[in-house]
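First residue of the sequence shown? That's 1 in the UniProt record's numbering, and the numbers climb one at a time after it.
A short write-up of the structure that comes next.
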Amino acid sequence: MTYPLRYALLAALCVAGPALAHDLSQDEALRLTREGVIRPFESILPAALQRYPGSRLLEAELEKEHDTYIYEIELLTAGGVVRELELDARDGRILKDKEDD
Numbered sequence: 001m002t003y004p005l006r007y008a009l010l011a012a013l014c015v016a017g018p019a020l021a022h023d024l025s026q027d028e029a030l031r032l033t034r035e036g037v038i039r040p041f042e043s044i045l046p047a048a049l050q051r052y053p054g055s056r057l058l059e060a061e062l063e064k065e066h067d068t069y070i071y072e073i074e075l076l077t078a079g080g081v082v083r084e085l086e087l088d089a090r091d092g093r094i095l096k097d098k099e100d101d
């Protein structure tokens, strides 16, 4: 593969990458909850908080990635570490748990 072609492909991936996931509005989240597509955030949050006792919720978003609804949350642990968790909005499974950069 030639260098110009590599750079063009890289540029295309950088532009398309953010389109793979998008945040949903509160209205969309409410509709999906009412339709039974996702669980209410209030029913999923306690499991994440129990994972880090004494933690506090900093931020929460509902995203759609590759036809999967994901709650992305940030917690501040009792030790002062910010954790980023991704939970499947359908069943509450923890998909990712990492220290936030």
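Note that beta-carbon positions come from the ideal geometry of N, C-alpha and C, so glycine has one too.
Computed from a predicted structure; not experimentally measured.
For residue i, the residue or residues it bridges with in DSSP
| i | result |
| --- | --- |
| H22 | K64 |
| V82 | L76 |
| R56 | L76 |
| I38 | I38 pairs with nothing; no bridge assigned. |
| D88 | I70 |
Endpoints, the beta strand (DSSP E) within which residue i is located
| i | result |
| --- | --- |
| E99 | 94-99 |
Cβ-Cβ separation, residue j to residue i (assumed contact under 8 Å), whole Å
| i | j | result |
| --- | --- | --- |
| R61 | R83 | Here residue 61 turns out to be Glu, not Arg, going by the sequence shown. Between R83 and E61 the Cβ distance is about 15 Å, and since that is not below 8 Å, they are no contact. |
| I70 | L95 | 7 Å |
Alpha helix (DSSP H) segment containing residue i, residue limits
| i | result |
| --- | --- |
| I44 | 41-51 |
Candidates the options, of which the one nearest residue i by Cα
| i | options | result |
| --- | --- | --- |
| G92 | R51, E28, S25 | R51 |
| D88 | E28, D67, T77 | D67 |
| S43 | E65, R90, D101 | R90 |
- Query: Given 8 Å as the limit, is there contact between the segment 26-34 and the segment 47-57, that is, 3 or more CB pairs closer than that?
  - Reply: no
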